[in-house]
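Undergrad:
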Amino acid sequence: MASGHRSILIAGAGATGLTAALELARRGHLPRIVDSDAGPVPLTESRALGINARTLTLLSPSRVTDTILQEAQQIQHFRIAAKGKVLADIDTTEVPGPYSAIHALAQGHTERLLLGKLSDYEIVPEWQTVVEAVSGDLSETKVTLKKLDGSVETADFDIVIAADGSHSTVREALGLGFPGQVLESSFYLADFRYAGPVDPSYAEISLFDPGMIGRLPVTRDVLRYISTLPDFESRIEHPAPIAERVWASDFRIHFRRAEVMAKGNVFLAGDAAHIHSPAGARGMNLGIEDACWLAWLISEGREQEYAVLRMPAVTTVLKQTHQLTSLITMKHPMAIAIRNLAVPVLLRIPAFRQKLLHGVSGYDTQSPPWIDGAL
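Quick note: the sequence shown uses the working numbering, first residue 28, plus one each step.
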């Protein structure tokens, strides 16, 4: 059967699933995409914000990058501060290639841009459709779907892509483990809208003894604060009068990855395959990267290479995010003192600074061979 005529089901219409559908569609496939939710992530409740240079490169052939750049906030500087003093200021535009290291755009907005491009191929997610069961052999997979009206459908698919999140029904149906660890510390976040514009050009981490508060731009008048401190909101130095507290949440950080990223003709991508700390803004980006690689491999008839090709990238990102998280969650006074002295010194070393930017840009994973000149 010609690759373009294979039946493909994508479970999950988040950023990973939508990217997989779009990348497949522009290569001549007609995937079916389902999701248990009623629609994309609400714009005011988007956990993921960062879009790195690798993602912009990957989404450039579909022209989604053009629309992202029109809407996103370019983060030109990353600052580390302690006790009101800036310890380091990194210029995030000091990376090779056409894009700076990272931009900020709410995940819900990114998903809507992907949906817009996907509609050009007349592919629309089937919302409020739940994957109830997955079975079959290595060549064909039988999936049972339950719709909002209670009707049940069972269909066979040549390929199934599990992009249905950390509690993936598909992964669990395959009996694949999701080992890892959860940090003891909780993280807290709050988004504030201000009465006037604020400077969205930089992100900042303020270190405390112990704990931290991160400041990230969401839009030109909304900032996100993320912290390890339960009372962090009382410590925020707001840049302008507050118009609205838009959203607040708390969460625990898990570091997990699936035992394997594929079983037969079922492939795991995004949070269904791996979850980790938001440090370094790699989560949504890594899922989009999974989706692009898998779509290309499917079109090349090489999808069985997916797990082997992607696992090194996943390992790299989990290691990097774990290291960054360890730096900002230190509690021992001596370790904190050493960190506060060492980090500014290290970041003055060009090679160290470039290595950090290389990772934040997403350039520490394998370059996509289907895009000419990609880093």
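Glycine is no exception: its CB is placed at the ideal position from the N, C-alpha and C atoms.
Which residue from L36, T392 and L374 puts its Cα closest to that of A182?
TA: Checking every option, the nearest Cα to that of A182 belongs to L36.
Undergrad: For Q155, name the three-state secondary structure that DSSP assigns.
TA: Three-state DSSP puts Q155 in coil, outside helix and strand.
Undergrad: Report the start-end ranges of each alpha helix (DSSP H) in the stretch 320-395 that is 4 residues or longer and not cut off at the edges.
TA: 333-355, 360-374 and 377-387, all fully within the stretch 320-395.
Undergrad: Among the candidates F294, D236, R283 and E271, whose CA atom is the shortest distance from the CA of S166?
TA: The option with the nearest alpha carbon to S166 is F294.
Undergrad: Is DSSP giving A80 helix, strand or coil here?
TA: Note: A80 maps to helix in three-state DSSP.
Undergrad: Using three-state DSSP, classify R309 as helix, strand or coil.
TA: In this structure, R309 counts as coil in the three-state DSSP scheme.
Undergrad: Spell out the partners DSSP gives D183 in its beta bridges.
TA: Its beta-bridge partners are K169.
Undergrad: Using the Cα positions of I102 and R242, report the straight-line distance between them to the nearest angstrom.
TA: Straight-line Cα distance between these residues: approximately 11 Å.
Undergrad: Restricting to Cα atoms, I'd like to know which of A200, G55, F184 and S193 is closest to Y148.
TA: Answer by Cα proximity: G55.
Undergrad: Starting from the N-terminal side, write out each stretch of the beta strand (DSSP E) that is 3 residues or longer and does not extend beyond the stretch 74-127.
TA: 77-79, 104-109 and 112-118, all fully within the stretch 74-127.
Undergrad: Between the beta-carbon of A190 and the beta-carbon of G297, is there less than 8 Å?
TA: Yes. Within cutoff.
Undergrad: Look at the alpha carbon of A29 and the alpha carbon of I315, and state the distance between them as a whole number of angstroms.
TA: For A29, the pLDDT reaches just 45, beneath the cut-off of 50, and the residue's location in the model is therefore unreliable, although a value from the coordinates is still provided. Their backbone Cα atoms lie some 25 Å apart in a straight line.
Undergrad: At which residues does the alpha helix (DSSP H) containing R139 begin and terminate?
TA: Counting along the chain, the alpha helix (DSSP H) containing R139 begins and ends at Q134 to S146.
Undergrad: List the residues that DSSP assigns as beta-bridge partners of I129.
TA: Note: I129 sits in a beta bridge opposite N79.
Undergrad: Taking P224 as the reference, give the member of L336, A267 and V68 with the closest Cα.
TA: Taking only the C-alpha atoms, the option nearest P224 is A267.
Undergrad: Would T196 pass as a contact of L172 if the rule is Cβ separation under 8 Å?
TA: Not closer than 8 Å, so no.
Undergrad: With DSSP as the reference, label D218 as helix, strand or coil.
TA: Of the three classes helix, strand and coil, the one that applies to D218 here is strand, per DSSP.
Undergrad: Any contact between the stretch 62-79 and the stretch 327-338? By contact I mean 3 or more CB pairs, one from each, below 8 Å.
TA: No: the two stretches stay apart, fewer than three of their Cβ pairs being nearer than 8 Å.
Undergrad: Taking the alpha carbon of D248 as the reference point, which residue from A131, S193 and W397 has its own alpha carbon closest?
TA: Among A131, S193 and W397, the Cα nearest to that of D248 belongs to A131.
Undergrad: Hey, V161 and V122: beta-carbon distance below 8 Å or not?
TA: No, Cβ-Cβ distance for V161 and V122 is not below 8 Å.
Undergrad: Output the residue ranges of the beta strand (DSSP E) runs that lie fully inside the stretch 234-279 and measure 3 residues or longer, sorted by chain position.
TA: The qualifying runs are 239-244 and 249-254.
Undergrad: On the CB-based measure, 16 or more other CB atoms within 10 Å of its CB, does H136 come out buried or exposed?
TA: Buried, because 16 or more other Cβ atoms sit within 10 Å of the Cβ of H136.
Undergrad: Please confirm if the stretch 344-358 is in contact with the stretch 303-322, defined as three or more CB-CB distances below 8 Å between the two stretches.
TA: They touch, by the three-pair rule.
Undergrad: Look at the Cβ atom of R262, then the Cβ atom of I232, and state whether they are nearer than 8 Å.
TA: Contact flag unset, no.
Undergrad: Between V341 and the rest of its own chain, which residues show a CB-CB distance below 6 Å, the 5 nearest in sequence each way excluded?
TA: The residues are R284 and H301.
Undergrad: Can you list, in chain order, the residues of its chain with a C-beta nearer than 7 Å to that of M311? Leave out the 5 residues immediately preceding and following it.
TA: Counting only Cβ-Cβ distances below 7 Å, and skipping sequence neighbours, we find A42, A75 and Q134.
Undergrad: By DSSP's criteria, V209 is part of a beta bridge. Which residues make up the other side?
TA: BP columns for V209 point to H281.
Undergrad: Taking the Cβ atom as the reference point for each residue, do L402 and Y390 lie within a distance shorter than 8 Å?
TA: Result yes, Cβ atoms of L402 and Y390 sit closer than 8 Å.
Undergrad: Following the continuous alpha helix (DSSP H) through V20, name the residue where it begins and the one where it ends.
TA: Only positions 28 to 402 of the chain appear in this structure, which leaves residue 20 out of reach.
Undergrad: Y229 and H104: beta carbons closer than 8 Å?
TA: Yes, these two residues count as a Cβ contact at 8 Å.
Undergrad: From this set, I376, R329 and W320, which residue's C-alpha is nearest L86's C-alpha?
TA: For the residues I376, R329 and W320, the minimum Cα distance to L86 belongs to W320.
Undergrad: Looking only at its own chain, which residues have a Cβ that is under 6 Å from the Cβ of A322, when we skip the five neighbours before and after it?
TA: Excluding positions up to five away in sequence, the list reads A47, E50 and L51.
Undergrad: Do you know whose CA, among L216, P88, E138 and L201, lies nearest I398's CA?
TA: Considering only alpha carbons, the answer is P88.
Undergrad: Do you know how far the Cα of T119 is from the Cα of L234?
TA: L234 and T119: Cα-Cα distance of roughly 20 Å.
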